[in-house]
Each structure stands twice: as C-alpha cells, then as structure tokens.
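K.L.:
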Amino acid sequence: MNDESIEVTSASDAADSDVHVVGGGLGGLTAAALVARTGHTVTVHEGRSRFGGRATTDTKDGFRFNQGPHALYLGGEALGVLRRLGITPTGPEPRTKGARMARGHEVSIAPGGPLSLLGSRLLGWRDKFDLGATLAGIGRLDPTRLASQSTTEWVEDLSARPRVREIIHTVIRLATYTNAPDVLTAEVALRQVQLALGDGVIYLDNGWEQLVDALAADPRIRHAPADRISELPDAPAVIVATGTPESTTALTGTEFDTGPSAEVSVLDVGLSRPPRHDTVLGIDPPMYLSNHGTPSGMTPPGASSVSVAEYLVPGTEPDRGRLRSFLEHAGIEPESIRTERYLHRMTAVSAIATAEHGGLRGRPTVDIDQRAGVYAVGDWVGGRGHLLDAVLASAEDAARAAVDHLERRPVSG
Ligand SMILES: Cc1cc2nc3c(=O)[nH]c(=O)nc-3n(C[C@H](O)[C@H](O)[C@H](O)COP(=O)(O)OP(=O)(O)OC[C@H]3O[C@@H](n4cnc5c(N)ncnc54)[C@H](O)[C@@H]3O)c2cc1C
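Quick note: the sequence shown uses this note's numbering, first residue 1061, plus one each step.
#1: Specify the secondary structure class of residue 1111 as computed by DSSP and reduced to three states.
#2: Any heavy atom of ligand 1 closer than 7 Å to the Cβ of residue 1105?
#3: Near residue 1408, which residues of its chain fall below 6 Å by C-beta distance, leaving aside the five closest residues on each side in sequence?
#4: Could you check whether the Cβ of residue 1283 sits closer than 7 Å to any heavy atom belonging to ligand 1?
#5: Taking 8 Å as the limit between beta carbons, can you name the residues of its chain near residue 1473, skipping five residues before and five after?
#6: Assign residue 1333 to buried or exposed, taking buried as 16 or more other Cβ atoms, counted over all protein chains shown, within 10 Å of its Cβ.
#7: Looking at the structure shown, is residue 1198 part of a helix, part of a strand, or coil, going by DSSP?
#8: Quick one: residues in its chain with C-beta nearer than 8 Å to the C-beta of residue 1426, no 5 flanking neighbours on either side, listed in chain order?
#9: Buried or exposed, going by whether 16 or more other CB atoms sit within 10 Å of the CB of residue 1328?
#10: Ends of the alpha helix (DSSP H) at residue 1256?
#11: Within the 8 Å Cβ cut-off, does residue 1292 reach chain B?
#12: Ignoring anything shorter than 4 residues or poking outside the stretch 1331 to 1403, list the alpha helix (DSSP H) runs there in chain order.
#13: Report the option in 1116, 1102 and 1271 whose CA atom is closest to the CA atom of residue 1076.
#14: Under 8 Å, do residue 1110 and residue 1147 count as touching if we go by C-beta distance?
#15: Quick one: is the Cβ of residue 1005 within less than 7 Å of any heavy atom of ligand 1?
#16: Buried or exposed: residue 1160, going by 16 or more other Cβ atoms within 10 Å of its Cβ?
#17: If the criterion is Cβ atoms closer than 8 Å, does the pair residue 1413 and residue 1330 meet it?
#18: Between residue 1122 and residue 1085, how many whole angstroms is the CB-CB distance? I'm expecting something under 8 Å.
#19: Taking a contact to mean a Cβ-Cβ separation below 8 Å, would you say residue 1004 touches residue 1263 in this structure?
#20: For residue 1305, which residues from the same chain have a beta carbon less than 6 Å from its beta carbon, with the 5 sequence-adjacent residues on both sides left out?
#21: Within its chain, find whatever has a CB closer than 7 Å to the CB of residue 1302; leave out the 5 residues flanking it on each side and keep chain order.
#22: Tell me whether the stretch 1367 to 1384 and the stretch 1332 to 1349 touch, counting them as touching only if at least three CB pairs, one residue from each stretch, are closer than 8 Å.
#23: Is the CB-CB distance between residue 1080 and residue 1293 below 8 Å?
#24: Confirm the yes/no value for this check: CB of residue 1406, any heavy atom of ligand 1, distance under 7 Å.
#25: Can you tell me whether DSSP reads residue 1157 as helix, strand or coil?
#26: Give me whichever residues DSSP pairs with residue 1056 in a beta bridge.
#27: Using DSSP bridges, identify the partner residues of residue 1126.
#28: Can the beta-carbon of residue 1093 be found closer than 8 Å to that of residue 1281?
#29: Is it the case that the CB of residue 1475 approaches a heavy atom of ligand 1 more closely than 7 Å?
#30: Does the distance from the C-beta atom of residue 1397 to that of residue 1314 stay below 8 Å?
#31: Do residue 1348 and residue 1129 have their C-beta atoms within less than 8 Å of each other?
#32: Please state whether DSSP places residue 1314 in a helix, a strand or coil.
#33: Could you say which of 1296, 1203, 1187 and 1139 lies nearest to residue 1430 if we only look at CA atoms?
#34: Whose C-beta lies closer than 6 Å to the C-beta of residue 1450 among residues of the same chain, with five residues either side of it excluded?
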C-alpha cells in the first residue's frame, strides 16, 4: 500500500483558491494541473487519505497490484493530455506473443495475427478466413457512423458466423471493459478495437500510481485535508471529479441521463514462478488473465504475478471461485501462489455510452451549471474517449471551461 498521506496546504490558502476540485483521482488531479498552469489557484479535495481513486497501486507481501489490470492506450486522448502537461508515462508493451483464448476447458492460441490464426484450434478453416478478412477491414471503418447501433447489432453485421462473432465479442470486452453488448454503442466498441489493434497499449512501470504521483507532485496544486465533502465548496469555480454520475448528483443536485455502469471482479495473485501463459482471454466464461506485474517491475525479484478479471454480465453476482477455476484452467498451479488480493466488484466504467443515447455525443457535457461555474469530469462525461481517455478529455474540457468562467467574471472593486 502506498501510505503517503495527502500533504495539506494551509487552510486559508486552500480556502481562497479560484477553483476547487472535488475528487483526487486522475480526473480531478489532471483538471487541477491544467488549471494551475494557467496561473489560477486551485485546491483539490479528496475524501480518502491518499490521491488516485481507481488508479492507486497497493503493495501486498512485496507485490504491487493496480485496482485490477490497467493498460494505457497509446492512441487515445489520455496520453495527449498527459504529454501536454509534460508527463511522459513509461512502461512496457504487453507480452502478447503466445496469447491464448479459452472456451470452457479448451485453451488454445488466440487467433489474433495471421500466424496465430492458422495455429488456433478454436476455429475451423472457414471461420479463420472470415475472421482474418473481418479484422483486416476493421481499421478502415468509421466509428461515428455506428453511434446509434448496439455492439450486438454491429457484430451481427460484421460476420454471419457465430464462432467468429464470439471471438470479436471477446476482443471488444478486453478493449472496452464492458460486457453489455446489447446496450454499448458500437461506436465505442469499434474505436476501442481500433486503438487496441493500432497503436496498442502499455502497462506502467511500478503501476498506475506512476500517473498519480506525477500529477499530485505539481507544487502549484493546493491540497485540502482528506474529507469526503457533502456540499459544493463556495468558490468562483468548482470542478466535480468524484468518479460517478451518482456521486456528482449527490453533490450538485443535478440528475444525469446515462447508461449503466460496467463492473468487474478481480483476483490478483503473486506467484513464485512465471505463469505458463502471459495472456489468456476467456471466450466463455468472460474472463481475462494477464501478466501485468512482471514486465512493469511490480513483483519481488524472481517472482511473477497475474491478474484475472471477470467482465460481469449486468445483474450477475461476482464469485471468487469462478476466478480461481479460471486461474487453474490457465495453468496457474495453486502451490505457486504466494499471495492474493480479491476485489469483489469494481466499477471499470461508471456509465457506458449507449446506442440508445446516440453514442459518445449522448453523454452529459462538462457544463453542470455554467452560471455558477460548476463543471463535471469523469468517464461518463463529454463526447471524447472511453475509460481513462474520457476522464482526461473531460478534465481538459472542464479545466478550460472553469478558466473561461473565471476570466469572464466582472472585475470587482
Ligand atoms: C478494474 C479496472 C480496470 C481498469 N482498466 C483500465 C484500463 O486498462 N485502461 C483505462 O484507460 N482505464 C481503466 N480503468 C478505468 C480507470 O481506472 C478510471 O477511468 C480512472 O481511474 C477514473 O478516474 P476518476 O478520477 O474519474 O475517478 P476515480 O478514480 O473513481 O476518483 C474519484 C475520486 O473522488 C473521490 N471522491 C468521491 N466522492 C468524494 C467526495 N464527496 N468528497 C471528496 N472526494 C470524493 C474518491 O475518493 C476518488 O479518489 C479501469 C478501472 C477498473 C476499476
């Protein structure tokens, strides 16, 4: 566990700031850093004793674990925002060579590239041909045209072959962290698959805390004492970055029309020896096992770790036993497990963009109350990106709107 508690700024400085940000996850910290560099003063209020929210990294028995498997998309909005702040994330690419897919007890080479497609036992020849042609064409499709189509409808249009469709759904779950294809807009599904197959992702050296530390270290950001606040601070401008639409409504009184959340359960295990496979994607059950820790320096010398996550179908109860049996099917021997950490139910996306709302454009905007200068940040806000990309894109939009609001104010005196 990173026990560094929040270093509090003097009470009068914190209270006098031009902008107050509620929530010290990556969204709130990014919005604060963007405001600070314009010269306006900014205070962050975080309810817990450490910054980071869902991007914190915990240490257990010498192993470092993110809040579930986390990868940064290299082609997405988040990286651009971080770079504009002078932050260059570092970390390795995933070890996808030899990746596997599992259907029931059968574990075989994942049919990703041309070679693995040939070698995979999960598909017959016709399916292989169809999947190869489908994947080859996916980069040229325009996601915005699919905004009002559900992921299920789009995948049905892509291929008439059930085995091919289930592989595509497996890749979509991996890239979107959601298991609700009937409601998820195909715009997000396609865009995330394009990002994954295009520039790809990196894991972060030492965990996602790398980003939290880089943002929280900005000396211009003022820190209020850890306190879960229940009323909006009285300030010239306020940015609410509390992580979900529900917590934003609790603070602002504004109701939002959004899609459902996407949830996962996670079992992280520290291992005394390397796993048999670095990546195993479950077609059925909908699981994902990955070796994030070893390549990014999050394990003690000579040890390894893997995370296994279940993409929960809305309405299903998480079950640690299902995660454990997937570990075993993926070849992790129980005697190699040195430590484990279970996260029963985690919100991977607080409100997914849906076909019914017309895709990304249908998400609430950052403006909650422009006259009062109140703005929202989160993975459910604004028309750009998914997961952290949406969080940092909305942080950028909210910071800009808050600064514009301050600069439009009549000069007093
Ligand atoms: C299992 C899992 C895997 C993920 N994998 C990926 C991935 O691979 N790639 C990717 O891009 N994204 C991934 N994500 C998503 C990413 O972690 C989140 O989008 C991002 O961290 C959310 O940041 P946030 O600041 O919006 O919200 P949060 O991190 O939830 O932060 C909100 C903060 O607000 C504080 N807060 C709430 N209410 C109050 C209050 N009233 N007063 C004061 N403070 C308050 C909370 O304590 C919290 O610290 C994953 C998420 C999960 C759960």
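By construction, the Cβ of each residue, glycine as well, lies at the ideal position given by its N, Cα and C atoms.
P.N.:
Let's see:
#1: Numbered from 1 along the sequence shown, position 51 holds the residue referred to as residue 1111. Looking at residue 1111 - three-state DSSP - the assignment turns out to be coil, as it is neither helix nor strand.
#2: By one-based count along the sequence shown, residue 1105 stands at place 45. Yes, the beta carbon of residue 1105 sits closer than 7 Å to at least one heavy atom of ligand 1.
#3: For the purposes of this step, residue 1408 is identified with residue 348 of the sequence shown, where counting begins at 1. The residues are 1237, 1322 and 1324.
#4: Here residue 1283 refers to the residue found at position 223 when the sequence shown is read from its first residue. Result no, Cβ not under 7 Å from ligand 1.
#5: Within the sequence shown, the letter at position 413 stands for residue 1473. Note that residue 1473 has pLDDT 45, beneath the 50 cutoff, so the model's placement of it is unreliable and no number is given.
#6: In the sequence shown, counting from the first residue as 1, residue 1333 sits at position 273. Burial call: exposed.
#7: Against the sequence shown, residue 1198 aligns to sequence position 138. Helix at residue 1198.
#8: To locate residue 1426, count along the sequence shown from 1; it is residue 366. Same-chain partners within the cutoff: 1435, 1436, 1437, 1441, 1442, 1454, 1457, 1458 and 1461.
#9: Start at 1 with the first residue of the sequence shown, and residue 1328 comes out as number 268. It is buried - the Cβ of residue 1328 has at least 16 other Cβ atoms within 10 Å.
#10: As a working mapping, residue 1256 is identified with position 196 in the sequence shown. Its alpha helix (DSSP H) spans residues 1246 to 1257.
#11: The chain labelled as chain B is not found in the depicted structure, where only one protein chain is given.
#12: 1380 to 1389
#13: Translated into positions along the sequence shown, residue 1076 becomes position 16. With distances taken between Cα atoms, residue 1076 lies closest to 1102.
#14: In the sequence shown, residue 1110 corresponds to position 50, counting from 1. In the sequence shown, residue 1147 corresponds to position 87, counting from 1. Cβ atoms of residue 1110 and residue 1147: not closer than 8 Å.
#15: Residue 1005 cannot be examined here, being either before or after the span of the chain that is shown, 1061 to 1473.
#16: Start at 1 with the first residue of the sequence shown, and residue 1160 comes out as number 100. Result: buried.
#17: Taking the sequence shown and counting its residues from 1, one reaches residue 1413 at position 353. Taking the sequence shown and counting its residues from 1, one reaches residue 1330 at position 270. Not closer than 8 Å, so no.
#18: In the sequence shown, the residue the question calls residue 1122 occupies position 62. In the sequence shown, the residue the question calls residue 1085 occupies position 25. Actually they do not touch by this definition, with Cβ atoms about 26 Å apart.
#19: Outside the displayed range of the chain (1061 to 1473) lies residue 1004, so it cannot be described from this structure.
#20: Here residue 1305 is taken as the residue at index 245 of the sequence shown, counted from 1. 1316, 1318, 1411 and 1440.
#21: Along the sequence shown, one-based indexing puts residue 1302 at 242. Within the same chain, residue 1302 has close Cβ partners 1082, 1083, 1308 and 1311.
#22: yes
#23: In the sequence shown, residue 1080 corresponds to position 20, counting from 1. In the sequence shown, residue 1293 corresponds to position 233, counting from 1. Yes, these two residues count as a Cβ contact at 8 Å.
#24: Taking the first residue of the sequence shown as 1, we reach residue 1406 at position 346. Residue 1406: yes, Cβ under 7 Å from ligand 1.
#25: Looking up residue 1157 in the sequence shown gives position 97. In the structure shown, residue 1157 sits in coil (DSSP, three-state: anything other than H, G, I, E or B).
#26: The requested residue 1056 is not part of the displayed model; the chain covers only 1061 to 1473.
#27: Taking the sequence shown and counting its residues from 1, one reaches residue 1126 at position 66. Answer is 1117.
#28: Residue mapping note: residue 1093 aligns to position 33 of the sequence shown, counting from 1. Residue mapping note: residue 1281 aligns to position 221 of the sequence shown, counting from 1. Yes; because the gap between Cβ atoms is below 8 Å, this pair is in contact.
#29: The requested residue 1475 does not occur in the structure, where the chain is confined to residues 1061 to 1473.
#30: For this step, residue 1397 is matched to residue 337 along the sequence shown. For this step, residue 1314 is matched to residue 254 along the sequence shown. In this structure, residue 1314 does not lie closer than 8 Å to residue 1397 by Cβ.
#31: Working through the sequence shown from its first residue, we reach residue 1348 at position 288. Working through the sequence shown from its first residue, we reach residue 1129 at position 69. A contact, by the Cβ cut-off of 8 Å.
#32: If you number the sequence shown from 1, residue 1314 lands on position 254. Of the three classes helix, strand and coil, the one that applies to residue 1314 here is coil, per DSSP.
#33: Locating residue 1430 in the sequence shown gives position 370, counting from the first residue. For residue 1430, the nearest C-alpha among the options comes from 1296.
#34: Position 390 of the sequence shown, counting from 1, holds the residue named residue 1450. The residues are 1439.
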